Amino acid sequence: MKVKTFIPFSLLLFACLGFNDDDDQNSDLENSILGLWNITAIHNSSPQGRTLGPGDGEVIEITFKDDGSFMGSTSVNSFGGSYRVMGDLLTISEFMTTEVSDTFYGVAFYGALDDSFNSTTNFNEFKLSLENDILTLNFNYCLFRFRN
Numbered sequence: 241m242k243v244k245t246f247i248p249f250s251l252l253l254f255a256c257l258g259f260n261d262d263d264d265q266n267s268d269l270e271n272s273i274l275g276l277w278n279i280t281a282i283h284n285s286s287p288q289g290r291t292l293g294p295g296d297g298e299v300i301e302i303t304f305k306d307d308g309s310f311m312g313s314t315s316v317n318s319f320g321g322s323y324r325v326m327g328d329l330l331t332i333s334e335f336m337t338t339e340v341s342d343t344f345y346g347v348a349f350y351g352a353l354d355d356s357f358n359s360t361t362n363f364n365e366f367k368l369s370l371e372n373d374i375l376t377l378n379f380n381y382c383l384f385r386f387r388n
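Okay, so the sequence shown: first residue is 241 according to the numbering used here, each after it adds one.
Written out as structure tokens, the structure is:
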């Protein structure tokens, strides 16, 4: 099994919450993403594209830890790295993954990550919203929907 490392690989998550002078908002946002999340939907690249859900028995999950690290897995591969929250911005500064031929759903996950790359900032960027325990990350037409 090969291990593939991307450094720096950054993922920016923008919150819908807006700025506030109160540092508690940063803590609230940071704390709201902590824990285990399962991806329940992936949408890649175009408004006409399909939104995929997991196949039978397929799980893609990610866990954000309070020490600034994250880890996760598809049905075949595992990944991890580190992140930091600043205001309403979450940056993943390191991303590592195993590289084994994945399921269709796993390939869609990695494809959406690739599609979310912003060549202007050299980061992968997402808008973040959290409502009713559903975390949504959106960049152009790429979408991840998580449930904890």
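All C-beta atoms in this analysis are idealised placements derived from N, C-alpha and C, irrespective of residue type, glycine included.
As the structure is a computational prediction, the values presented were derived from the model and not from experiment.
query	result
C-beta atoms of G308 and S318 nearer than 8 Å	no
Buried/exposed call for P294, threshold 16 Cβ in 10 Å	buried
CB contact flag (I282, F379, <8 Å)	no
Chain-order list of residues whose beta-carbon lies under 7 Å from that of V299 (same chain, five-residue window excluded)	N278, S315
Rounded straight-line distance, which links the Cα of S341 to that of A352	16 Å
Those runs of the alpha helix (DSSP H) which lie wholly inside the region 332 to 371 and span at least 4 residues	344 to 355
C-alpha gap between T280 and D268, whole angstroms	23 Å
Exposure of N271, with buried meaning 16 or more beta-carbon neighbours within 10 Å	exposed
Nearest-angstrom Cα separation, counted from R387 out to L377	12 Å
Range covered by the beta strand (DSSP E) that runs through R385	382 to 387
Where the beta strand (DSSP E) containing N378 begins and where it ends	374 to 379
Top-ranked residue by Cα proximity to G346, from G312, I374, V325, N372	G312
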